[in-house]
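Chains as they are written, first to last, in the numbering used here: chain C, 1 to 152; chain X, 1001 to 1152; chain P, 2001 to 2152; chain U, 3001 to 3152.
Here's the structure, in structure tokens; my notes come after.
Here it is in structure tokens:
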């Protein structure tokens, strides 16, 4: 909605619209996140919240959620946050701290926030919590912009 | 097979047998690695090689293999290597460097090697390569022994 | 100062006193931080702020502050924060992202915050900024409690 | 020395000469590494070995070598290895695993090896050992080439 009286509000609305379109376009092509049942429940410029239910097919040999799938949830939230500026951006590196187990039936939420961004790189922090608000993992990722828009 | 003349060879054979039983038991319970089509093609004490074919369901919004699934392959190899001593062991933390894209149809191989081990902790390095021998990712994990055997 | 009417305020004051004594004791024995001219300007339970001036002896071959000394500043802040509960605690691992150069004459500030803590482990995040408020580095550390008090 | 009969040997000799000049030039400007008493005892393209004696001024509040100075030694070895191609290169990020304490009087050796290199980035692994060959720390760094030669 245009607002002649407040150019800053207009710019924010425009950036929010860019973020929503970029994240929607990325999600639509992201068969891995879809197959794992992830849903993007919120996005803003530099921010994304993604939810995933842990199924019986996601447990590892210790009968808890495979750490790789906890990472994958965080990595998807990272991807949506760092592509929210509609510039094609990939992960260069990531670190994860596993703080507690997730189990089949749990619903995990990953919240990704932009911590720093330069012309080509960015740092994002992602926290993964369960339905009781307990922290399951902390993830930090470094992004690298490869150029070109996300929305084609 | 017992060998009265060579106690060192006997001990090595015994540790190899322990590794094979522990990895087989862990894999049999690991529905996530099975669902993703991973196969353990080699294991030794402190070592594992795991292979995974990238399917169309594993691509992300940039049309390359989701980085989380590359991580998951490395993490499984890490798990098999650090549980090969038949002591229940989980990941405490991990770092990954993404060095090149993997695509649908590629076959990835993760090789996990024990770099250091103390009473309760260990450091493992995992390299992920594709079918042309190109390095896709480098992963380093810190393990934490939680106690109890893997084989029940 | 005792406050019969407010036991929660009493407990907070007591924890603050413990933090101040533990950090003071640790700093007094920490010849490395002293030699590098670091000063602890604030401490609370799970929190520390440390300041260091970059001297000409701290520059590397590219004529900017040696990344190792930026790390050392962050690592000292991490140490003061994770020992603030008066339980002897050391670093198990750390990751650092170098985001911008520091130069001779700059004054750097490292702020360490406790992000998560269990019985024996903790995760701390440290941000290093310069005198203009620009972020120089982001550091994340995992602590390991070795037992025994800091104050002897 | 020129060798008309073996162009490959000539190229190797030339790269070795470039490495030695680049590392010498970098070390000469690196006041931090000099002040800490580091010596480069070997360098090759993508490789460096650096030695440092732990003095009483390097201990922290737990009376062991400050982890930041162990990191600094590894980081210097990383810098010499990644600048050995005579292209100005800086650290983008690093992770370190602290595996055992170093004490005043110990002599530490950091060996840096190039693990992977692309046009602008590289991954280097550094192992720090003491005079008894015990591993003190494992470090992995990501380099970023900023352009221009090291030798001016």
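Beta carbons are placed, not taken as given, at the ideal position from N, Cα and C, and that holds for glycine.
Check                                                                                                                                                                                     : Outcome
What does the alpha-carbon distance come out to for the pair residue 1001 of chain X and residue 1013 of chain X?                                                                         : In this predicted model, residue 1001 of chain X has a pLDDT of only 49, less than 50, meaning its place in the structure is not dependable enough to derive any value.
Look up residue 70 of chain C in the DSSP assignment and say whether it is helix, strand or coil.                                                                                         : helix
Where does residue 1118 of chain X sit, in a helix, a strand or coil, going by DSSP?                                                                                                      : coil
Within 10 angstroms of the Cβ of residue 2154 of chain P, are there 16 or more other Cβ atoms? Answer buried if so, exposed if not.                                                       : In the structure as shown, chain P starts at 2001 and stops at 2152, and residue 2154 of chain P therefore has no counterpart that could be examined.
Do you know how far the Cα of residue 1029 of chain X is from the Cα of residue 2158 of chain P?                                                                                          : Since the displayed chain P opens at 2001 and closes at 2152, residue 2158 of chain P lies outside it and no answer follows.
Does the beta-carbon of residue 3152 of chain U have 16 or more other beta-carbons within 10 angstroms, so that it is buried, or is it exposed?                                           : exposed
Under 8 Å: do the segment 1122-1136 of chain X and the segment 1066-1080 of chain X share three or more Cβ pairs, one atom per stretch?                                                   : yes
Using a Cβ-Cβ cutoff of 7 Å, what residues of the segment 3044-3069 of chain U are near chain P? List them in chain order.                                                                : 3056, 3057, 3058, 3059, 3060, 3061, 3062, 3063, 3066, 3067, 3068, 3069
Applying the criterion that 16 or more other CB atoms from any shown protein chain within 10 Å of the CB defines a buried residue, is residue 1086 of chain X buried or exposed?          : buried
Could you round the C-beta distance between residue 3088 of chain U and residue 3146 of chain U to whole angstroms and report it? I think they count as a contact, below 8 Å.             : 5 Å
I'd like the ranges of any beta strand (DSSP E) spanning at least 3 consecutive residues and lying wholly in the segment 47-113 of chain C.                                               : 47-53, 89-98
In terms of alpha-carbon separation, which member of X/1098, X/1061, X/1144, X/1079 lies closest to residue 32 of chain C?                                                                : X/1061
If you measure from the beta carbon of residue 3113 of chain U to each beta carbon in chain X, is any gap under 9 Å?                                                                      : no
Keeping to the same chain, check which residues put their C-beta closer than 8 Å to that of residue 3104 of chain U; ignore five residues upstream and five downstream.                   : 3054, 3055, 3056, 3058, 3059, 3065
Ends of the alpha helix (DSSP H) at residue 3031 of chain U?                                                                                                                              : 3031-3035
Pick helix, strand or coil for residue 137 of chain C, following the three-state DSSP scheme.                                                                                             : strand
From C/136, C/20, C/141, pick the residue whose C-alpha is nearest to that of residue 45 of chain C; which is it?                                                                         : C/20
For residue 2120 of chain P, count neighbouring Cβ atoms within 10 angstroms of its own Cβ and tell me buried if that reaches 16, exposed if not.                                         : exposed
Thinking residue 2043 of chain P and residue 2084 of chain P are a contact (beta carbons under 8 Å), I'd like their distance in whole angstroms, please.                                  : 6 Å
Say whether chain C places a C-beta atom closer than 9 Å to the C-beta of residue 2135 of chain P.                                                                                        : yes
Does chain X have any CB closer than 9 Å to the CB of residue 19 of chain C?                                                                                                              : no
Evaluate residue 3106 of chain U with the Cβ neighbour count: other Cβ atoms within 10 Å of its Cβ, from every protein chain shown; 16 or more gives buried, anything less gives exposed. : buried
List the endpoints of the continuous beta strand (DSSP E) containing residue 2041 of chain P.                                                                                             : 2039-2044
Spell out whether any CB of chain C is found under 9 Å from the CB atom of residue 1006 of chain X.                                                                                       : no
DSSP has residue 3128 of chain U in a bridge; who is on the other side?                                                                                                                   : U/3110, U/3137
What residues match up with residue 3144 of chain U in a beta bridge as DSSP calls it?                                                                                                    : U/3090, U/3121
Is the Cβ of residue 2120 of chain P closer than 9 Å to any Cβ of chain C?                                                                                                                : no
Which same chain residues end up closer than 7 Å to residue 116 of chain C when comparing Cβ atoms and leaving out the 5 residues on each side of it in sequence?                         : 122, 123
Strictly below 7 Å CB to CB, what residues from chain C border residue 2145 of chain P?                                                                                                   : Simply none; closest approach about 15 Å.
Considering only C-alpha positions, which residue in the set C/24, C/23, C/52 is nearest to residue 35 of chain C?                                                                        : C/52
Consult DSSP for residue 1007 of chain X and reduce its assignment to one of helix, strand or coil.                                                                                       : helix
Once the 5 residues before and after residue 2097 of chain P are set aside, which same chain residues still bring their CB inside 7 Å of it?                                              : 2137, 2138
How long is the line joining the alpha carbons of residue 3141 of chain U and residue 1024 of chain X, rounded to whole angstroms?                                                        : 35 Å
At the level of alpha carbons, what is the spacing between residue 2039 of chain P and residue 3011 of chain U?                                                                           : 51 Å
Does the distance from the CB of residue 3201 of chain U to the CB of residue 2067 of chain P come in under 9 Å?                                                                          : The structure shown does not extend to residue 3201 of chain U, since chain U is modelled only from 3001 to 3152, so the question has no answer here.
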